[in-house]
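**Student:**
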Amino acid sequence: MTLEIQKSFENSPLWKLKVRLQYSGWLQYIIHAIWVLIMVMIAGAGWLIGYWPVLLFWMPLGIAAFLGIALVGNVLIVKYGWHPAEGIPASKTDMDAFDLMRDRHSCRSFQSQNLTSEHHAKLMEAVQFHSQQNQLLGQKPVRFEYICAPLTVWPVVGASQFLVAIAPHEYNRLSIIDVGRSLQKIVNHATKMGLATCWIGPGADQKSIIEHLGNRIDPIKDHVICVCAIGYESMFKPLFIRLMQKLQHRRLPLSQLFFSDPLFKIPLDTKSEPYSNYGRCYEVCQWSPSSYNSQTTRCVAVTDQIEDQDKPIRFDFFAATTSRYYAAVALGIWCANWETGCKALNKHGHFAILSPKERGFDGVSDLPRYDLSWVIEYA
Ligand SMILES: Cc1cc2nc3c(=O)[nH]c(=O)nc-3n(C[C@H](O)[C@H](O)[C@H](O)COP(=O)(O)O)c2cc1C
Numbered sequence: 275m276t277l278e279i280q281k282s283f284e285n286s287p288l289w290k291l292k293v294r295l296q297y298s299g300w301l302q303y304i305i306h307a308i309w310v311l312i313m314v315m316i317a318g319a320g321w322l323i324g325y326w327p328v329l330l331f332w333m334p335l336g337i338a339a340f341l342g343i344a345l346v347g348n349v350l351i352v353k354y355g356w357h358p359a360e361g362i363p364a365s366k367t368d369m370d371a372f373d374l375m376r377d378r379h380s381c382r383s384f385q386s387q388n389l390t391s392e393h394h395a396k397l398m399e400a401v402q403f404h405s406q407q408n409q410l411l412g413q414k415p416v417r418f419e420y421i422c423a424p425l426t427v428w429p430v431v432g433a434s435q436f437l438v439a440i441a442p443h444e445y446n447r448l449s450i451i452d453v454g455r456s457l458q459k460i461v462n463h464a465t466k467m468g469l470a471t472c473w474i475g476p477g478a479d480q481k482s483i484i485e486h487l488g489n490r491i492d493p494i495k496d497h498v499i500c501v502c503a504i505g506y507e508s509m510f511k512p513l514f515i516r517l518m519q520k521l522q523h524r525r526l527p528l529s530q531l532f533f534s535d536p537l538f539k540i541p542l543d544t545k546s547e548p549y550s551n552y553g554r555c556y557e558v559c560q561w562s563p564s565s566y567n568s569q570t571t572r573c574v575a576v577t578d579q580i581e582d583q584d585k586p587i588r589f590d591f592f593a594a595t596t597s598r599y600y601a602a603v604a605l606g607i608w609c610a611n612w613e614t615g616c617k618a619l620n621k622h623g624h625f626a627i628l629s630p631k632e633r634g635f636d637g638v639s640d641l642p643r644y645d646l647s648w649v650i651e652y653a
């Protein structure tokens, strides 16, 4: 029944109009225009009522005027590109691994210029390296196809270069985690080069991706998981995007992400020994990207007695939702940042999938769902 309602909703003319506006790049401005209209209507109603003229007339009218001017400016500057050419951002080679991972953010407005041939070559080197079988956790190959074309994506504007993440058609959770892990390593590399990135999953039009991939994709064997827009960030952004970026660039506190018990009740004390030895590894996981900023990954640290001392032996990573794709991608992204942080701190370890018995877990738990562990290697 609910599926029928959803189908009839998706076939309604209003929904079709929304999708057409979304993928033609006009929806951002229409949402903005609706706010102008609402303010004008409030001012109109205030004028008719005649009470509280400042609150009900002048204030909404002022906001409407401000938003209206911003809307015209946004359309001319961003949509039609009426602005001076922008420079190529400098690389960030002087930043350490942690600052780089914290510096990454989802860029939703790109310059119209393509990557320089040097940047393109360096990016493709990283793509090749991180898609190699010996760099993956699973046995199945995943790959990242480069497309230079304005794919239909939402709400990102100006993007014309993408990496399309492709996993085997048959569902394999570890391959989806591999997509997250490998692509995040490429994203971190791109950030260091001064490039801007934006993971795009639900906001990418699959039809347009398949069309542009042509014979580089086999619909029987391959499955497009998501894309990542790559390019130079533009300082010119629609107001709607600025607002969205501000609202989404926030995170749950560490106490809701890292735990010291298998029931996810006791927050991990990341500030005291022995866990403080992992420094900013927690923070870069906390700030890793996830679809709709849903932040679905959780971690449980496990300690054991080693040489009469309580020492951390591993960190178990879990997905907090049943989402088969985006939660697994987000977990892979965490893994990439965790691993990169550990490498920077010279903390050795490896990822492994442990059985409930190996984890000493005898309870039944659907969620959070265990995916894999970072097993610490002591010298
Ligand atoms: C798998 C995945 C899919 C995403 N899909 C979209 C998308 O379709 N459109 C979009 O604008 N952002 C998308 N994002 C970016 C998130 O919205 C973003 O990471 C989150 O809001 C946090 O913001 P930040 O990356 O700036 O910290 C996606 C991120 C991930 C990891």
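Those letters in the sequence shown? Residues 275 to 653, per this note's numbering, in order. Here a beta-carbon is modelled for each residue, glycine too, at the ideal position from N, C-alpha and C. None of the values given here were measured: they were computed from a predicted structure.
#1: Alpha carbon to alpha carbon, how far is Gln542 from Pro442?
#2: Assign Ala464 to one of three DSSP states: helix, strand, or coil.
#3: Using three-state DSSP, classify Glu507 as helix, strand or coil.
#4: Leaving out five residues on either side along the sequence, give the residues of the same chain with a beta carbon under 8 Å from the beta carbon of Arg598.
#5: For Ala610 and Arg417, what's the separation of their Cα atoms in angstroms?
#6: Taking only heavy atoms of ligand 1 into account, decide whether any of them is closer than 6 Å to the Cβ of Asn620.
#7: Leaving aside the five residues before and after Ile266 along the sequence, list all residues of the same chain whose C-beta is less than 8 Å from its C-beta, in chain order.
#8: Under the DSSP definition of a beta bridge, which residues are partnered with Ile421?
#9: Assuming Ala503 contacts Val430 (C-beta within less than 8 Å), just tell me the rounded distance between them.
#10: Considering just the uninterrupted stretch of the alpha helix (DSSP H) at Lys396, what are its terminal residues?
#11: Report the start-end ranges of each beta strand (DSSP E) in the stretch 489-570 that is 3 residues or longer and not cut off at the edges.
#12: Leaving out the 5 sequence neighbours to the left and right, which residues in its chain are closer than 6 Å to Gly615 when beta-carbon positions are compared?
#13: If you reduce the DSSP assignment to three classes, tell me which class Val430 lands in.
#14: Among Thr570, Tyr600, Glu547, Gln560, which has the Cα closest to the Cα of Asp584?
#15: With distances taken between CB atoms, is the gap from Gly454 to Val649 smaller than 7 Å?
#16: Candidates Asp645, Tyr600, Ser286, Ile540: which alpha carbon is nearest Tyr566's?
#17: Compute the minimum distance between the beta carbon of Trp473 and the heavy atoms of ligand 1, and state whether it is under 6 Å.
#18: Gln579 bridges to which residues according to DSSP?
#19: Put Ala470 into one of helix, strand or coil per three-state DSSP.
#20: Taking only heavy atoms of ligand 1 into account, decide whether any of them is closer than 6 Å to the Cβ of Tyr600.
#21: I'd like the list of long-range same chain contacts for Phe283, defined as Cβ closer than 7 Å, with 5 residues on each side in sequence excluded.
#22: Compute the Euclidean distance between the alpha carbons of Cys422 and Ser434, then round it to the nearest angstrom.
#23: Report the rounded CA-to-CA distance for Leu646 versus Leu619, giving the unit in angstroms.
#24: Ordered along the chain, which non-local residues of its own chain (more than five positions away) have a Cβ less than 7 Å from that of Pro363?
#25: Kindly indicate which residue of Thr577, Tyr420, Leu335 has the alpha-carbon position closest to the one of Ile312.
#26: Expressed to the nearest angstrom, what Euclidean distance is found between the alpha-carbon atoms of Asp377 and Trp608?
#27: According to DSSP, simplified to helix, strand and coil, what is Gly475?
#28: Report all residues from its chain with a CB closer than 8 Å to the CB of Glu727; omit the five preceding and five following residues, and keep chain order.
#29: Any heavy atom of ligand 1 closer than 6 Å to the Cβ of Ser405?
#30: Considering only heavy atoms of ligand 1, does any lie closer than 6 Å to the CB of Pro476?
#31: Which residues mark the beginning and the end of the beta strand (DSSP E) in which Arg643 is found?
#32: Under the criterion of a Cβ to heavy atom distance below 6 Å, does His357 qualify as lining ligand 1?
#33: Per DSSP, which one or two residues make a beta bridge with Arg572?
#34: Is any heavy atom in ligand 1 found nearer than 6 Å to the beta carbon of Asn611?
#35: I need the straight-line Cα distance from Ile627 to Arg382, nearest angstrom please.
#36: Do three or more CB pairs link the stretch 563-582 to the stretch 531-541 at distances below 8 Å?
**Tutor:** The relevant details are as follows:
#1: Residue 542 is actually Leu in this sequence, not Gln. Those two C-alpha atoms are separated by around 36 Å.
#2: DSSP places Ala464 in helix when its eight states are reduced to three.
#3: strand
#4: Tyr445, Arg447, Ile450
#5: 16 Å
#6: no
#7: Since the first residue of the chain shown is 275 and the last is 653, residue 266 is not available in this structure.
#8: Phe436
#9: Their Cβ separation, rounded to whole angstroms, is 6 Å, which keeps Ala503 and Val430 in contact under 8 Å.
#10: Per DSSP, Lys396 belongs to the alpha helix (DSSP H) from 391-405.
#11: 496-505
#12: Cys555, Val558
#13: Residue state, collapsed to three classes: coil.
#14: Glu547
#15: no
#16: Tyr600
#17: yes
#18: According to DSSP, Gln579 bridges with Asp584.
#19: strand
#20: Flag set: Cβ of Tyr600 near ligand 1.
#21: Trp289
#22: 6 Å
#23: Going by the C-alpha atoms only, they are around 21 Å apart.
#24: Gly468, Tyr506, Glu507
#25: Leu335
#26: 15 Å
#27: coil
#28: Any question about residue 727 goes unanswered here, given that the chain covers just 275 to 653.
#29: no
#30: yes
#31: Counting along the chain, the unbroken beta strand (DSSP E) around Arg643 starts and ends at 643-650.
#32: Because no heavy atom of ligand 1 lies under 6 Å away, the Cβ of His357 does not count as near it: no.
#33: Looking at the DSSP assignment, Arg572 forms a beta bridge with Phe592.
#34: no
#35: Between Ile627 and Arg382, the C-alpha separation is close to 35 Å.
#36: yes
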